[in-house]
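Written out below as structure tokens is the structure these notes cover.
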Amino acid sequence: MNTVTPPEYLPENSGDTARLTRHFRAERFDFGSFFFSGLTGLATLLILGILATILLNIIVNGWSAISWHFVSTIPKKDFFDANTTGVLPMIVGTSFRVIMMTIFVIPVGVITAIYLTEYAANTSIITRIIRAAVNNLAGVPSIVFGLFGLGFFINFVGKNLDTVLHNTSAVWGQPALIWASLTLAVMTLPVVIVATEESLKAIPPGLREASLALGATKLETILKIVLPQALPGIMTGGILAVSRAAGEVAPILFTGVAYYMASLPAHLSDQFMDLGYHIFVLSTQSPNIEQTRPILYATVLTLLLLTFALNIVAIIIRSKIRRKMRSLH
Amino acid sequence: MRLRFPPRPHQFFAVTPSPQNESRRSHGWMGIHRGHKARPGEWLAEKFIFLVSLSAILMVLLIFLFVAREALPVFFGQTNTALVQKPIPPDEMDKHSAAELAAYLEITPEQFAKLPKSTLRTLMDIKAEGQDDIPENFRNDPDARINTTEWQYLVRAHQWTDYDKPEYIWQPVGEIKKFNIIPLVVGTLKVTLVGLLFAVPLAVGAAIYVSQLARPRLREFLKPAIEMLSGIPSVVVGFFALLVMATVLQSIFHYQTRLNAFVAGLALGFAVIPVIFSIAEDALTSVPRAYTQAALALGASRWQTAWQIVLPAALPGVFAAAVLGFGRAIGETMIVLMVCSASVMSWNVFDSARSITTTIAAEMAEAVSGGPHYRILFMLGALLFAATFVSNMIGDFVIHRFKLKLEGKR
């Protein structure tokens, strides 16, 4: 977009564009431009360097420490011991909470996106309030979601549920898997809404018009024509939400995570262990940081492999949809 | 099908279809139109879609309501942390109001309403006996008689016993609990400013390079690569800062405290860079190509075009990126929690710092549910929510105006 195109008074095919561009650029060379362009390039390089350093450091150190035994063992109470420790309950806990979160967030997010793109007039007040709310929800600090989960789900919904069900001891009115998942669902709602909206907008209006012209109602058009087309995009939204939620620790601190559990979570009202929280525990509460270091790197690598695998799937799906959409236009 | 009920204007008058009255057309009663097949099911489904779409608004309201609800007693001065209180004799219970007694017994009004009178009486006795057990040295301490959750002790320096001068102290444990929030606010701002001073120039520079100067093929690689940084969970960034960066930076700068606000701020910058980069790059790309082409045609170099034409045109967007980055930075929890945690009242970046988020995350587990400490942590959460709410609003408003301006609507 920024290449200099040859002026029109030059005869056509008077030389290739690249040579001409080089000619024009050489004429305008000045040191200031070169220096400042270089500076912005350096900023870009520095950011990439930081990313590469973090990843390489973790991969190199983690690769030598990770093993099949490590990812498939339930650790004993003292999980700082490098020989007997494992992260199976953390992998299971993180996967459970993320899967349940997806089940809660996808329907609500998709329906909201359908309303925003298919029904709402862009200028109406209610649409603008919904959009403002979505934007705000995306910017609320994750720890505030944790407080919200504690204040609303546990102290309000859970405690009242216990009263209604006549539980003598707290079953729902305490940190639990379901409350952590619901808190995360509220947190990732904007991610799903925005991704679904984008995929809905990418569907050519001609498809909708053709369906309406054939006599289908608006709802039929949405359910049978628009949604199947948007499915890959909705999946991308779900995966982005999952990869965002998988590494979050702050919202689950008070709503369900446990320091140690001897068994895997079996019930919705159970607490669970979590990869991200385990990283926090290992790195701040270890009695001997040098001995914990290999386990720590292996745990971080496990979490990164989990999230990056999901991210890469999202990117592949997105590029496939775009190619498909381009062929439709 | 002829439907007479309820009568609608379009059932009596012939309405010529035109785009104008098409948009104003009534939706009928439960989706039933004259001359159309009745579809009440579809009408219900559409109303359901509308109701579900309100959930985002509902969630924002609920977050505000329930975080504020737990913090309300602090705002209304219903909490009392004074160690030595004027005891209320159990016989004089009836002379005091329920709210007063609940605050005195350190229980919530709901709990108070549920408990039978005999239990309350026992509680009053225990409370009165507890007052007798207070060690002698606190009895004569003026600090033991003040309620530290009053606003003046929350935000202003106070001359504590055994201190030389009035000081801001956050110390929620011990006999006399000190809840001054100023050190936490200072800690948050200190870490955030270091993070932004590091992140804004880098992210905006990279955004200029990627959107204006890089070749298209390079851009397609650079943009997702930088945004990949946001895929690294903050707990991993915190871990990296704690184990690797802290040691490396100390060996370069030779400062005293290994874990300080400087390290935390830099790590925070890593987390904020992708946010600022994405929004700034978006703003720079949305500047019309005509601007760039006109500048290049007049003989400006690409750098001159980027710096003197595109950047000024996109400045509101870049500003919004910084504001939204600020909102993200003050809300970041795990990085600061892992890297530094001591609450020190100092603006020196090489001292430790404790941010608001860190305080909530670290102390909520120890705080007694419903107690003053718990209430104040929720109040801090409400404060944080308000701060990010305002910065989001400013950011969104500026971006909205910017987009309108580019479209020529203003």
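Protein sequences, first through last, are from chains U and G. Per the working numbering, the very first residue in the first sequence carries number 245; after that it's consecutive. Per the working numbering, the very first residue in the second sequence carries number 9; after that it's consecutive. Beta carbons are placed, not taken as given, at the ideal position from N, Cα and C, and that holds for glycine.
Evaluate the contact criterion for the region 251 to 261 of chain G versus the region 177 to 193 of chain G: three or more CB pairs, one atom per stretch, below 8 Å.
Pairwise C-beta distances place the region 251 to 261 of chain G out of contact with the region 177 to 193 of chain G, as fewer than three of them are shorter than 8 Å.
Span separating the alpha-carbon of G/GLU175 from that of G/TYR112
The count along the second sequence starts at 1 and reaches residue 175 of chain G at position 167. The count along the second sequence starts at 1 and reaches residue 112 of chain G at position 104. Roughly 28 Å between the two C-alpha positions.
Contacting positions in the region 378 to 412 of chain G - beta carbon closer than 7 Å to chain U:
With the criterion set as a beta carbon lying under 7 Å from some beta carbon of chain U, the members of the region 378 to 412 of chain G are PHE386, GLY389, LEU392, PHE393, THR396, PHE397, ASN400 and ASP404, in sequence order.
Opposite G/GLU175 in the DSSP bridges: which residues?
Looking up residue 175 of chain G in the second sequence gives position 167. G/HIS166.
Sequence-distant residues of its chain with Cβ nearer than 8 Å to U/LEU547 (five each side left out):
Position 303 of the first sequence holds residue 547 of chain U. Answer for U/LEU547: THR338, ALA490, GLY491, LEU519, GLY520 and ILE523, listed in chain order.
Boundaries (first-last residue) of the alpha helix (DSSP H) holding U/PHE524:
By one-based count along the first sequence, residue 524 of chain U stands at place 280. Taken as a continuous stretch (DSSP letters only), the alpha helix (DSSP H) holding U/PHE524 covers 519 to 529.
Check this for me: beta carbons of U/ALA485 and U/VAL557, under 8 Å apart or not?
Taking the first sequence and counting its residues from 1, the one referred to as residue 485 of chain U is at position 241. Taking the first sequence and counting its residues from 1, the one referred to as residue 557 of chain U is at position 313. With contacts defined by Cβ atoms closer than 8 Å, U/ALA485 and U/VAL557 do not form a contacting pair.
Between the Cα of G/VAL68 and those of U/THR427, U/VAL304 and U/ILE343, spot the shortest distance and give me the residue it belongs to.
Residue mapping note: residue 68 of chain G aligns to position 60 of the second sequence, counting from 1. Minimum Cα distance to G/VAL68 is reached at U/THR427.
Listing by chain order, which chain G residues have their CB less than 9 Å from the CB of U/ILE335?
The sequence position of residue 335 of chain U within the first sequence is 91, counting from 1. In chain order: nothing, as chain G lies at least about 15 Å away.
Pull up the distance between the alpha-carbon of U/LYS568 and that of U/LYS445, whole angstroms please.
Within the first sequence, residue 568 of chain U is the residue found at index 324, counting from 1. Within the first sequence, residue 445 of chain U is the residue found at index 201, counting from 1. Rounded to whole angstroms, U/LYS568 to U/LYS445 spans 14 Å at the Cα level.
Enumerate in chain order the residues of its own chain whose CB-to-CB distance from U/LEU433 is below 7 Å, with the five nearest sequence positions on each side excluded.
Numbered from its first residue, the first sequence carries residue 433 of chain U at position 189. Hits under 7 Å: VAL349, VAL352, GLY353 and LEU381.
For the region 273 to 285 of chain U, which residues have a beta carbon sitting closer than 9 Å to at least one beta carbon of chain G?
For the region 273 to 285 of chain U, which is checked against every Cβ of chain G, the residues closer than 9 Å are PHE273, ASP274, GLY276, SER277, PHE278, PHE279, PHE280, SER281, LEU283, THR284 and GLY285.
Measure the C-alpha to C-alpha separation of G/PRO282 and G/PRO180 and round it to an integer number of angstroms.
Residue 282 of chain G sits at position 274 when you count from the first residue of the second sequence. Residue 180 of chain G sits at position 172 when you count from the first residue of the second sequence. The straight-line gap from Cα to Cα measures roughly 36 Å.
Run down chain G in chain order and give the residues with a C-beta less than 8 Å from the C-beta of U/SER487.
The count along the first sequence starts at 1 and reaches residue 487 of chain U at position 243. The contacting residues are GLY239.
If you measure beta-carbon to beta-carbon, which residues of the region 304 to 337 of chain G are closer than 9 Å to chain U?
Residues passing the 9 Å Cβ filter: LEU304, ALA305, GLY307, ALA308, SER309, ARG310, TRP311, GLN312, THR313, ALA314, TRP315, LEU332, GLY335 and ARG336.
Start and end residues, alpha helix (DSSP H) containing U/THR480:
Here residue 480 of chain U refers to the residue found at position 236 of the first sequence. 471 to 490 is the span of the alpha helix (DSSP H), which, as asked, contains U/THR480.
Helix, strand or coil: which one does DSSP assign to G/VAL419?
The requested residue 419 of chain G is not part of the displayed model; chain G covers only 9 to 418.
How is U/PHE324 classed by DSSP in three states: helix, strand or coil?
On the first sequence, position 80 is the one that residue 324 of chain U refers to. The three-state secondary structure of U/PHE324, taken from DSSP, is coil.
Taking 6 Å as the limit between beta carbons, can you name the residues of its chain near G/TRP311, skipping five residues before and five after?
As a position in the second sequence, residue 311 of chain G is number 303, starting the count at 1. Closer than 6 Å at the Cβ level, and outside the excluded window around G/TRP311, lies no residue.
Work out the CA separation of G/GLU78 and G/PHE466 for me, nearest whole Å.
Past the edges of chain G, shown from 9 to 418, lies residue 466 of chain G, and the structure says nothing about it.
Proximal chain G residues relative to U/TYR363, where beta-carbon distance stays under 9 Å
Taking the first sequence and counting its residues from 1, one reaches residue 363 of chain U at position 119. Near U/TYR363 (Cβ distances below 9 Å), the residues of chain G are GLU54, ILE57, PHE58 and SER61.
List the residues of chain G that U/PHE498 touches, going by C-beta distances under 7 Å, in chain order.
Counting from 1 along the first sequence, the entry for residue 498 of chain U is found at position 254. Those are MET372, listed as they occur along chain G.
Listed by chain order, chain U residues near G/LEU128 by CB distance under 8 Å:
Looking up residue 128 of chain G in the second sequence gives position 120. Within chain U, no C-beta atom comes nearer than 8 Å to that of G/LEU128; the closest sits roughly 21 Å away.
Span of the alpha helix (DSSP H), counted from its first residue to its last, around U/ILE350
Translated into the one-based positions of the first sequence, residue 350 of chain U becomes position 106. 332 to 358 is the span of the alpha helix (DSSP H), which, as asked, contains U/ILE350.
Residue closest to G/LYS6, alpha-carbon to alpha-carbon, out of G/PHE393, G/VAL352, G/LEU414 and G/ILE384:
Since the first and last residues shown for chain G are 9 and 418, residue 6 of chain G lies out of range.
For G/LEU192 and G/TRP178, which I take to be in contact (beta-carbon distance under 8 Å), what is that distance rounded to the nearest angstrom?
What you label residue 192 of chain G is simply residue 184 of the second sequence in a count that begins at 1. What you label residue 178 of chain G is simply residue 170 of the second sequence in a count that begins at 1. Indeed they touch by this definition, with Cβ atoms about 6 Å apart.
Using 8 Å as the threshold, is the C-beta distance between U/THR371 and G/ALA64 below it?
Translated into the one-based positions of the first sequence, residue 371 of chain U becomes position 127. Translated into the one-based positions of the second sequence, residue 64 of chain G becomes position 56. For U/THR371 and G/ALA64, no; Cβs fall outside 8 Å.
I want to verify the contact list: residues of chain U whose CB lies under 8 Å from the CB of G/ALA233, in sequence order.
To locate residue 233 of chain G, count along the second sequence from 1; it is residue 225. The answer, in chain order, is LEU292 and LEU295.
Quick one: list the residues of chain G neighbouring U/ILE559, beta-carbon separation under 8 Å, in chain order.
As a first step, residue 559 of chain U must be located in the first sequence, where it is residue number 315. Simply PRO232.
Using DSSP's beta-bridge definition, name the partner residues of G/ASN187.
Looking up residue 187 of chain G in the second sequence gives position 179. The amino acid occupying residue 187 of chain G in the given sequence is Phe; Asn does not appear at that position. Beta-bridge pairing links G/PHE187 to G/TRP178.
So G/GLY195 and G/ALA361 are supposed to be a Cβ contact under 8 Å. How far apart are they, rounded?
The residue labelled residue 195 of chain G in the question sits at position 187 within the second sequence. The residue labelled residue 361 of chain G in the question sits at position 353 within the second sequence. About 4 Å; that satisfies the 8 Å criterion.
If we cut at 8 Å on Cβ distances, does G/GLU100 have a partner in chain U?
Translated into positions along the second sequence, residue 100 of chain G becomes position 92. So, not an interface residue.
Roughly how many angstroms lie between the CA atoms of U/ARG452 and G/THR293, to the nearest whole one?
By 1-based counting over the first sequence, the position of residue 452 of chain U is 208. By 1-based counting over the second sequence, the position of residue 293 of chain G is 285. When rounded, the separation of the alpha-carbon atoms in U/ARG452 and G/THR293 is 30 Å.
Chain-ordered chain G contacts of U/SER527 [CB-CB under 8 Å]:
Taking the first residue of the first sequence as position 1, residue 527 of chain U is located at position 283. Within chain G, the residues near U/SER527 are GLY246, PHE247, LEU250, LEU251 and MET346.
Measure the alpha-carbon distance for G/PRO224 versus G/TRP159 and round it to whole angstroms.
In the second sequence, residue 224 of chain G corresponds to position 216, counting from 1. In the second sequence, residue 159 of chain G corresponds to position 151, counting from 1. About 57 Å.
Could you compute how far the alpha carbon of U/HIS511 sits from the alpha carbon of G/LEU237?
In the first sequence, residue 511 of chain U corresponds to position 267, counting from 1. In the second sequence, residue 237 of chain G corresponds to position 229, counting from 1. If you take the alpha carbons of U/HIS511 and G/LEU237, they lie about 35 Å apart.
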